[in-house]
Each structure stands twice: as C-alpha cells, then as structure tokens.
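Everything below concerns the one structure shown next.
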Ligand SMILES: Nc1ncnc2c1ncn2[C@@H]1O[C@H](COP(=O)(O)OP(=O)(O)OP(=O)(O)O)[C@@H](O)[C@H]1O
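Residue numbers (the UniProt record's numbering): 1 to 396.
Structure, rendered in structure tokens:
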C-alpha cells in the first residue's frame, strides 16, 4: 500500500492488492466452551484469579492463586447462575460457585484498573480477579449483574426417558431484552415492562438500560484491534479525526493492565491516553548518551522492572521520536519480544521510519481512512497536506 509520499510495507503481500485486513470474525476467537455466539464472549475472562474459601472449624481460608485462569459465567443443571474458575496453563483445578440467592456481592470499584471481586454469601467464598482487560471485565460484570437481577431462568428441566441429561454446566446465554427489563438500576417504573410499555424518561438521568449503546469500532479500527489481539506488532496512521486516539483507548482497554504500558513521545500526547512519556518508560534519558551508558541506565531496578513486565508497549505520536533513540531501545532486542502498538499523525519521511530496527519490529502497517470528526473536504485535504509535510500552510 502507498500512502502519499510514504511507502507502507505490509508484512505479507495482500491477496487483493490493497490493505490486508484480517476478517473481523477472526479477531475474537472464542473457546469451544464459550460457544460460537459472539455475545457469549462476554461470559468469559482470562486473568489472574485468587479463590478464597473459608475452612470449617474457624481455620484461615483456603487460598489458591490461579494465573492465566479461565473464568466463565454459566448455569448449572438447575438453571442457577454459576461462576466457574479454572486454572490456566493446563492445570486441572476448577472451582464452581452457585450464585443463587441474595447473598452475592460484586465489588467493581477498580474495574478500570482490571480488578474486581465476587463474594458469595456473608463470610463465604470470594473470587478476586486481577490483571484483566478492563473492557472485558466491565462487560463480564454487567452480564453477571443483569443475569443475577433477572433471577433463575425457567424451571429446572425434567429428566426425560431416553433423553439426554441436562449439562452440569453451560455457558450463560447472551443478554436479552427481558434481562435488561429486570435491571434494578433501570428505575422502578421501567422494570418488568414490555418495550411498548416503557414510559418516557421523566428524570434528568437516563436509566442505564436506555442509554445509548457504546460506539462500535469501524471495520478498519476492528482490523487494527484484531491484529493487536492476535499478537502482532502494529503501526497505524490516519488523517486528523479518523479515530486514532479513540482506537488507542479501546486497545488499552482490551489488554491486560499489568503488562501494558501506554506511552507517547510528548507529555501532552501521553496525558491524552492516560500514559507516560516513552522516555520516562525507557529510562535512558534523551537516548543521546553512548549505548553502554544507555544500557546501564536501563538496568536500574525501577526501569528494568518496567522492561521485564511489559508485553504490550503502546507509543502514540511516534513521529517525534528520534530514530536513533528507537534503535538504541531496540539494541538489546527487548523490542523484538514486545508487541508494539504504534500510532502517528505526521508522516514525515526523515524521522522515525528511517530507524534501522523499524522493519524488524513492526509486522503490520495500517491506515485509517474514514474521517469521523469533520466533513469539510477542503479542511480535510489541508490537514492531509500538513500531515504529509507538503506545501505551505498559512494560518490566519
Ligand atoms: N468508531 C467510532 N464510533 C464513533 N465515534 C468515533 C469512532 N471513532 C472515532 N470516533 C469519534 O471521532 C472523533 C475523532 O476521533 P479521534 O479524536 O480519536 O481522532 P484522531 O484521529 O485521534 O484525531 P487527531 O489526529 O486530530 O488527534 C471523536 O469525537 C471520536 O469520539
């Protein structure tokens, strides 16, 4: 693909001769247990889970830490909601908690940081979830809250002669209209009403079930997110207003927080995505010192810890990063092990793209083309010219 004045190499040649985008269906691989339905993905989490169970006789609780655990929301054979936590990494350990009754408590204050907890019964067992992609965690707890509010689904299935016995565990169904109608947060007047009976809003605040659904990513944005999820290092660009920052926030929200570092070339750009500067993360100052000195700086305990913990490194507005700085950071091949997510507005040929390590680190280059913010064609082409460093612009 060729962006005006800047050649963009694709990691593998596209079949169609244009931008090679994976199909959206390939982006959200669901486990067999979760079923093929896209919405059921909300019932599944991958994170660190700590299971605490009180032991009889007043002894301290049994505590198990399961890293890379698979947490599933389902129903048992009596159609009661069940939380199942299975150990990751091939461990056979699995814990199941029936969530029937009023004694389930959800702790969601730190969902934005990828942490939440479920307590079953007063002084009962609890499951603490951490290092979870915040967006997935938010969807999981929304589903859990609404399914609990909706109560048990239907009567327990009667065993039928020669019929198959009901499964001991099946992944919970996606949210339906009736689940939303029973949402206690929807306000008393809104509960248990058919859609046609839902009364117009009187108060200032919209009931949650009625609020506008969250904005969906465009096909291009989905393609970038899908590439990141599939473990590729991605560079993406786009004209002003094509949703780069919007997409970056979605990417941050879809990755495990403990191993994801959001950075930008400047403090202002870093604030915009709730991150830090790339220089602060790398810990090698301006990067102008000789290589050996930079390595020593990066080996300092606080800095080294960042490098070791980081699996996804996001760099916004990379055009202002010096190519030599990029090469030095890459020298000890830490970048090669990282999944880099790099975003830029300016496509200035003299800058970062000349770095020797660029092609080694970046697997896929993509461009967002759909302008979301402005419709004025002259203004869009002016911004495009600025982006490509073309022509002279007179500001008045
Ligand atoms: N998929 C989407 N659905 C709805 N709104 C979107 C979507 N993508 C972007 N937007 C909206 O389009 C506007 C521009 O997005 P954003 O600021 O992320 O663009 P940008 O490419 O970062 O722009 P700039 O280069 O000027 O910083 C924002 O109001 C954003 O909320």
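Every residue, glycine too, gets a C-beta built ideally from N, C-alpha and C.
| Asked | Found |
| --- | --- |
| Return the chain-ordered ranges of every alpha helix (DSSP H) run that is complete within the segment 237–275 and spans a minimum of 4 residues. | 244–253, 267–272 |
| Between the Cα of residue 268 and those of 320, 223, 174, spot the shortest distance and give me the residue it belongs to. | 320 |
| Could you spell out where the beta strand (DSSP E) holding residue 107 opens and where it closes? | 104–107 |
| Between 372, 300, 86, which lies nearest to residue 169 when the distance is taken from Cα to Cα? | 86 |
| With respect to 7 Å, is the separation between the Cβ of residue 235 and the closest non-hydrogen atom of ligand 1 below this value? | no |
| Can you name, in chain order, every residue of its own chain whose Cβ lies under 7 Å from the Cβ of residue 17, other than the five neighbours on each side? | At residue 17 the pLDDT is 31, less than 50, meaning the model places this residue with poor confidence; the figure from the coordinates comes in the next sentence. No residues qualify anywhere along the chain. |
| Determine, using beta carbons only, whether residue 368 and residue 235 come nearer to each other than 8 Å. | no |
| On the CB-based measure, 16 or more other CB atoms within 10 Å of its CB, does residue 286 come out buried or exposed? | exposed |
| Can you have a look at residue 130 and say buried or exposed, based on whether 16 or more other CB atoms are within 10 angstroms of its CB? | buried |
| Would you mind sorting residue 114 into buried or exposed? The rule is 16 or more other CB atoms within 10 Å of its CB. | buried |
| At which residue ranges does the segment 277–315 contain complete alpha helix (DSSP H) runs of 4 or more residues, listed in the order of the chain? | 278–282, 291–298, 301–309 |
| Contact defined as beta carbons within less than 8 Å: I believe residue 127 pairs with residue 51. What is the distance between those atoms, to the nearest angstrom? | 6 Å |
| Which one or two residues does DSSP pair with residue 235 in a beta bridge? | 342, 365 |
| Going by DSSP in three states, residue 384 sits in which element: helix, strand or coil? | helix |
| Count the other C-beta atoms from every protein chain shown that fall within 10 angstroms of the C-beta of residue 34, then say buried if there are 16 or more, exposed otherwise. | Model confidence at residue 34 stands at a pLDDT of 36, short of 50, so the residue's coordinates are unreliable and nothing is read from them. |
| Could you check the C-alpha separation between residue 270 and residue 178 for me, to the nearest Å? | 42 Å |
| Which value, in whole angstroms, describes the spacing of the CA atoms of residue 119 and residue 105? | 5 Å |
| Who pairs with residue 44 in a beta bridge, going by DSSP? | 72 |
| Use the C-beta contact count for residue 215: other C-beta atoms within 10 angstroms, 16 or more gives buried, fewer gives exposed. | exposed |
| Within the same chain, show all residues whose beta-carbon is closer than 8 Å to that of residue 263, passing over the 5 residues directly before and after it, in chain order. | 270, 275, 276, 277, 278, 280, 281, 313, 314, 315, 316 |
| Thinking C-alpha only, which one of 385, 310, 258 is nearest residue 346? | 385 |
| Since residue 133 and residue 253 are thought to touch, with beta carbons under 8 Å apart, how far apart are those beta carbons, to the nearest angstrom? | 7 Å |
| Looking at the structure shown, is residue 321 part of a helix, part of a strand, or coil, going by DSSP? | coil |
| Could you check if residue 267 belongs to the surroundings of ligand 1, using beta carbon to heavy atom distance under 7 Å? | no |
| Tell me, please, which residues DSSP counts as bridged to residue 116. | 129 |
| Expressed to the nearest angstrom, what Euclidean distance is found between the alpha-carbon atoms of residue 257 and residue 341? | 15 Å |
| Can you look up residue 95 in the DSSP assignment and give me helix, strand or coil? | strand |
| Residue 294 and residue 259: beta carbons closer than 8 Å? | no |
| Given residue 61, which residues of its chain have a CB within under 7 Å of its CB, disregarding the five upstream and five downstream residues? | 52, 53, 54, 55 |
| Is residue 260 near ligand 1, judged by its Cβ being under 7 Å from some heavy atom? | no |
| Look at the Cβ atom of residue 74, then the Cβ atom of residue 103, and state whether they are nearer than 8 Å. | no |
| Could you tell me how far apart the beta carbons of residue 83 and residue 70 are, in whole angstroms, since I believe they sit closer than 8 Å? | Not quite, the Cβ-Cβ distance comes to about 12 Å (not below 8 Å), so this is no contact. |
| Between the C-alpha atoms of residue 173 and residue 42, what's the straight-line distance to the nearest angstrom? | 10 Å |
| On the premise that residue 273 lies in contact with residue 233, defined as a C-beta separation below 8 Å, what is that separation, rounded to the nearest angstrom? | Going by Cβ atoms, the distance from residue 233 to residue 273 rounds to 18 Å, so no, they are not a contact pair. |
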